[in-house]
Each structure stands twice: as C-alpha cells, then as structure tokens.
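Last residue of the sequence shown: number 370 in the numbering used here, and the count goes up by one each step with no gaps.
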Amino acid sequence: MMKIICVILAVLLLPCKVQAMEVSAVSAVLIEYATGKTIYAKNAETRMPMASTTKIMTALLALEYGNPDEIVTVSRNAAYQEGSAMYLKEGEQLPLLHLIYGLMLASGNDAAVAIAEHLAGDVDSFAAQMTERAKAMGCENTQFKNPNGLHDEAHYTTALDLARIAGEALRNPIFREIVSKKHATVGNRSLHNHNKLLSMYEGAIGVKTGYTKAAGRTLVSAAEREGVELIAVTLCAPDDWNDHMRMLDYGFSKVKKKTVLQKGVIEALPLENGTQSQVEILCGEAIALPIMDGEKTEVKLCLPSKAIAPIRLGDSAGKAEYYINGVKMGETTLWYGEDVESVKAPTFWDSLSFVLSCWLRCFFSSHA
Numbered sequence: 003m004m005k006i007i008c009v010i011l012a013v014l015l016l017p018c019k020v021q022a023m024e025v026s027a028v029s030a031v032l033i034e035y036a037t038g039k040t041i042y043a044k045n046a047e048t049r050m051p052m053a054s055t056t057k058i059m060t061a062l063l064a065l066e067y068g069n070p071d072e073i074v075t076v077s078r079n080a081a082y083q084e085g086s087a088m089y090l091k092e093g094e095q096l097p098l099l100h101l102i103y104g105l106m107l108a109s110g111n112d113a114a115v116a117i118a119e120h121l122a123g124d125v126d127s128f129a130a131q132m133t134e135r136a137k138a139m140g141c142e143n144t145q146f147k148n149p150n151g152l153h154d155e156a157h158y159t160t161a162l163d164l165a166r167i168a169g170e171a172l173r174n175p176i177f178r179e180i181v182s183k184k185h186a187t188v189g190n191r192s193l194h195n196h197n198k199l200l201s202m203y204e205g206a207i208g209v210k211t212g213y214t215k216a217a218g219r220t221l222v223s224a225a226e227r228e229g230v231e232l233i234a235v236t237l238c239a240p241d242d243w244n245d246h247m248r249m250l251d252y253g254f255s256k257v258k259k260k261t262v263l264q265k266g267v268i269e270a271l272p273l274e275n276g277t278q279s280q281v282e283i284l285c286g287e288a289i290a291l292p293i294m295d296g297e298k299t300e301v302k303l304c305l306p307s308k309a310i311a312p313i314r315l316g317d318s319a320g321k322a323e324y325y326i327n328g329v330k331m332g333e334t335t336l337w338y339g340e341d342v343e344s345v346k347a348p349t350f351w352d353s354l355s356f357v358l359s360c361w362l363r364c365f366f367s368s369h370a
C-alpha cells in the first residue's frame, strides 16, 4: 500500500507540461504596440475576409484626409446601405467627426459610404486609397474593395496586416479617443459601442468588431497594463471574446516594461577651456522598453569625447540610442546639465576638433 502511495505522489510531483495557448479563431495574432513584435500567431499571414474591421482603415483615412469639423451631405446611396447603421437620412448634413463615431461605435455601413463619397467622390476611389495606404504600412496581403467590409471576394487582409493597420490608427489621438468610448452622444444620436471587451477586460482601450456570414466573427482589440500595450486580432473566431482575453492575458504575462535609461545625470564629459574639469550630461526623460523573456537591451551614447567651454544648461550634447536584440527602437536627445564659463575663447581648431570628435563617436557607435 505504501509503495502505491509513493508512486502516486511521484507522478503528482512531476513537472507539469504547460499547454500551448489555443484559440477558436482560424487566424489570429498578438503584437506589442510600441515595437510591433509578434508575441503569438496562428495562420497570421493567411488572407481572410475582415468584415467591419475594415472600418479601422476607413476611420484612419477620414482623420488623415478630412477635417473632423467639415460638414458632410449624406447621399441616397449612403443612406440606403444594408446591414448595421447609424441610420443616416438622405440629404442629412452632419460633421465628419459624427460620422466617424457612428462608423466605429455603431459600425455604420451608411457612415462608411458617406465618408468615402465625401473624401474621394465614390466608393471605388476611396477603396483604392485604402489599399494604397495599407501598402505604405507594409501590408502587402491586404486589398480593400469598399469602406465598410460587406463581402467581396477581392476584399481581404491577414491578421498580421490588420494588427499593423490598427497600430497605425491608434497613433492618432482622435481615433484612440473614439474607439475607447463605450457610448457617445453625437448630435441627436446616442451610440453604443459593439466592443464588449471595453467592459469585460481590464485595460481594454478599443478597437473594432465585425461580422458577415462569409467572414464569421472578426475582432481587433487593444489593451494597456503597466505601460505595456498589446493589439490582438482574430479572424473567423466563434469564441472571439474569450480568444482575446486569453491572448491578452498571455501577452501581459510575457512582456514587461524595463527602464533602460534613467532620467537625470547619466554621464560626465571631460571639459576643455572651462572653469571645471567635467560637465554633466542629462537625459530629460526615463526610457522604458517592452521586453520579452530572453531579450537583451543596449543603450549607445553618441557623445563627443570631450566638451569645450563655454557650455550652457540645456544645450544639446548628443543623443542616446536604445536597442532590443540589436534592433534600434529609438533615440533621445541628451543635454548639458549646467552652465560652464570658458577661461579663454575657443579657437577655430578647437571648435572643428569638437565637431569631428562628436561625429566620429556617433558614427562608430552606430556601426559597432
């Protein structure tokens, strides 16, 4: 009996094998917003219909090409679109911003066509602009045939392309504000967001739902926790709400913000021709990067080998570049942190030497 108990305990104490994350979606992807790196993917580059997630691009172009306050006149064609609507009337005039709210919250097919006709003259021309804008983002597997997502065999995207499009749209502060609202009143209309994740998931900030019989349930979501922002996409997902909550939880467990450069004094340069031997170099803001397990970060300081007085507080001293696994993520300007008077006027050769040393140090640092 004791031997049987020992065997059972030994089995129970064996390391548990963690199951790979599963989603109901035919195609899915999870990316980190700031860097665009992929955290999870399933058939992420397979061309699929996208339904009303199309409207993310429609809204982006409306904000990029139009003025939110300009007045749009609704055509008969727009007013009589099939499917979901904000219930526009033929001949109605309203601000473009109201149409964008109706597009993203009520998923108005009528609003999509009104926007397209207003900005491009007709739906086909606007769809061509949508495709061109997607290509400019690097979305080579995306083609639009309309601004609302009603089914067309030639209207398709991939989960990865759609995540990129959502990331670009979220860089627009007006878009970001609109898609984060659970409901809004525009004019005499009360609009309610179809995106249930705004209420279901802590940190959810958008972005768009979709459904057609051909596409199935499609969903793009974004969420932010502790400075990390994620974008999830599912195409043809019968259990999309749970898919997204599972994916986002997974992402937040894998990605953490890490400070790679502190705000304040980070370096002291030797100083020539000054009333002191060194001058402080400041970073004006803390730099934090989203890091996954096993990733390596690096900061390269592009500074001259020495400074030459006179120095003024707040003058640019150089820059800091920051990297994840050798890939440059960005850079920030560095500043002199104090005033230092000169003991003699610098010569032409002093100034030339300073400029050359700064350039050479940046050049070799960037090509290390």
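Using N, Cα and C, we set each Cβ at its ideal position, and we do this for glycine too.
Residues sharing a beta bridge with VAL257, DSSP: MET294
What residue range does the beta strand (DSSP E) around GLN280 cover? 280–285
Taking 7 Å as the cut-off, is the CB of ALA122 close to at least one heavy atom of the ligand MN? Among the ligands in the structure shown, none appear at all, so the ligand MN cannot be discussed.
Is LEU164 buried or exposed, if buried means 16 or more other CB atoms sit within 10 Å of its CB? buried
Supposed contact pair VAL28 and ASN45 - C-beta distance, whole angstroms, cut 8 Å: 6 Å
Indicate whether LEU315 and ALA288 have their beta-carbon atoms separated by less than 8 Å. no
In whole angstroms, give me the CA-to-CA distance for ASP295 and LYS260. 11 Å
Continuous beta strand (DSSP E) stretch holding PRO240: start and end: Neither: PRO240 is in no beta strand (DSSP E) and is coded neither H nor E.
Collapsed DSSP secondary structure at CYS8 in the structure displayed: At CYS8, the pLDDT of 35 sits below 50, so the modelled position is not reliable; the number obtained from the coordinates is stated separately. Looking at CYS8 - three-state DSSP - the assignment turns out to be helix.
What number of angstroms, rounded off, separates the C-alpha of ILE207 from the C-alpha of SER182? 5 Å
Where does SER344 fall in DSSP's three states? strand
Classify ILE41: buried if its beta carbon has 16 or more other beta carbons within 10 angstroms, exposed otherwise. buried
Would the beta-carbon of LEU291 fall within 8 Å of that of ALA322? no
Comparing alpha-carbon positions, which option in LYS147, LYS215, LEU221, ILE180 lies nearest LYS198? LEU221
PRO175: first and last residue of the uninterrupted alpha helix (DSSP H) it sits in: 175–181
Is the segment 272–280 touching the segment 59–69 in the sense that three or more CB pairs, one from each, lie closer than 8 Å? no
Taking LEU232 and TYR103 to be in contact with their CB atoms under 8 Å, please state how far apart those CB atoms are, rounded to whole angstroms. Actually they do not touch by this definition, with Cβ atoms about 25 Å apart.
For the structure I just gave you, are there three or more beta carbon pairs, one from the segment 55–62 and one from the segment 210–217, closer than 8 Å? yes
Residue burial classification, ARG166 (beta-carbon count within 10 angstroms, cutoff 16): buried
Three-state class that DSSP yields for ALA156 in the structure shown: coil
N- and C-terminal bounds of the alpha helix (DSSP H) containing GLY169: 161–172
Would DSSP call GLY213 helix, strand or coil? Strictly speaking, residue 213 in this sequence is Tyr, with Gly absent from that position. Reduced to three states, the DSSP call for TYR213 is strand.
Beta-carbon spacing of MET59, ALA136 below 8 Å: yes
Let me check understanding here. Comparing Cα to Cα, which of PHE177, GLU340, GLY286, GLU142 lies closest to ALA309? GLU340
Answer yes or no: do VAL125 and GLU119 have a C-beta to C-beta separation smaller than 8 Å? yes
Quick check: what's the CA-CA separation for ASP112 versus LYS91? 9 Å
Does the beta-carbon of GLU228 have 16 or more other beta-carbons within 10 angstroms, so that it is buried, or is it exposed? exposed
Using the three-state DSSP reduction, which class does TYR394 fall into: helix, strand or coil? The question about residue 394 has no answer here: the residues shown for the chain are numbered 3 through 370.
State the start and end residues of the unbroken alpha helix (DSSP H) segment that holds ALA129. 125–138
Contact check, ALA311 vs SER344, beta carbons under 8 Å: yes
Just list the residues that DSSP pairs ALA43 with in beta bridges. VAL31
Cβ separation of LEU250 and GLY266, assumed to be a contact under 8 Å, to the nearest whole Å: Incorrect: roughly 34 Å between the Cβ atoms, too far for contact.
Status (buried if at least 16 other CB within 10 Å, exposed otherwise) for HIS153: exposed
Assign HIS194 to one of three DSSP states: helix, strand, or coil. strand
Determine the direct distance from the alpha carbon of THR236 to that of ASP242, and round the result to whole angstroms. 7 Å
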